[in-house]
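**Q** Could you have a look at this structure, given as structure tokens, before my questions?
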Amino acid sequence: MKKKGIIIGIIVIGLLALFYFYGVDYLFYSQYNKNGISHLLVVTIDDNQPREYIGILDNHRIYMEGLNIKETCFRSVDAKNVSVHEVLEKKLISFDELRHYAWRIIKDGDSLVLKYDNYEIACAYDDCVIKPKI
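When we follow the working numbering, the leftmost residue of the sequence shown carries the number 562, and every step to the right adds one.
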């Protein structure tokens, strides 16, 4: 009977270790990338904001339109706001990540629209515009 308890204990500890190493890892990477930056933007709509150049991401020129540039940001794992400009400048995300975590992707010839909850990224050739969802 004592051997059975030890075996059950070892199995339970093993399962807890597996959950810790894979479960916690999965939960972290489902929200943040390897640089600790969220996969989704926190956006503030500003209908008066004209199209403005923000930076380059993997050979794509990134613009923002209809969003408050100062308040639209990514979140870091330590709950800090990180501006889109800083994320692009420091290469903390990739264009592939943006595609991977889009809720819906619409492709039409040379254009691509990545749809998220309340914003979208419309790309044509090498220009991408982050704007409120239509």
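Every residue, glycine too, gets a C-beta built ideally from N, C-alpha and C.
1. Where does K692 fall in DSSP's three states?
2. Figure out for me which residue from H621, Q592 and G566 has the closest Cα to the Cα of E650.
3. Would you mind sorting Y680 into buried or exposed? The rule is 16 or more other CB atoms within 10 Å of its CB.
4. Below 8 Å between beta carbons: does that hold for V690 and R612?
5. State the Cα-Cα distance for the pair W664 and K692, rounded to the nearest angstrom.
6. State the CB to CB distance for the pair I666 and R660, rounded to an integer number of angstroms; the pair is presumed to be in contact (CB under 8 Å).
7. If you reduce the DSSP assignment to three classes, tell me which class A721 lands in.
**A** Quick look at the numbers:
1. As a working note, residue 692 is residue 131 in the sequence shown. K692 falls in the strand class under three-state DSSP.
2. By one-based count along the sequence shown, residue 650 stands at place 89. The shortest C-alpha to C-alpha distance from E650 to any of H621, Q592 and G566 is the one to H621.
3. As a first step, residue 680 must be located in the sequence shown, where it is residue number 119. Answer is buried; the Cβ neighbour count reaches 16.
4. Here residue 690 refers to the residue found at position 129 when the sequence shown is read from its first residue. Here residue 612 refers to the residue found at position 51 when the sequence shown is read from its first residue. A contact, by the Cβ cut-off of 8 Å.
5. Along the sequence shown, read from residue 1 onward, the residue named residue 664 stands at position 103. Along the sequence shown, read from residue 1 onward, the residue named residue 692 stands at position 131. Distance between the alpha carbons of W664 and K692: 15 Å.
6. For this step, residue 666 is matched to residue 105 along the sequence shown. For this step, residue 660 is matched to residue 99 along the sequence shown. So it is a contact: roughly 7 Å between Cβ atoms.
7. Shown here, the chain extends from 562 to 695; a query on residue 721 therefore has no answer.
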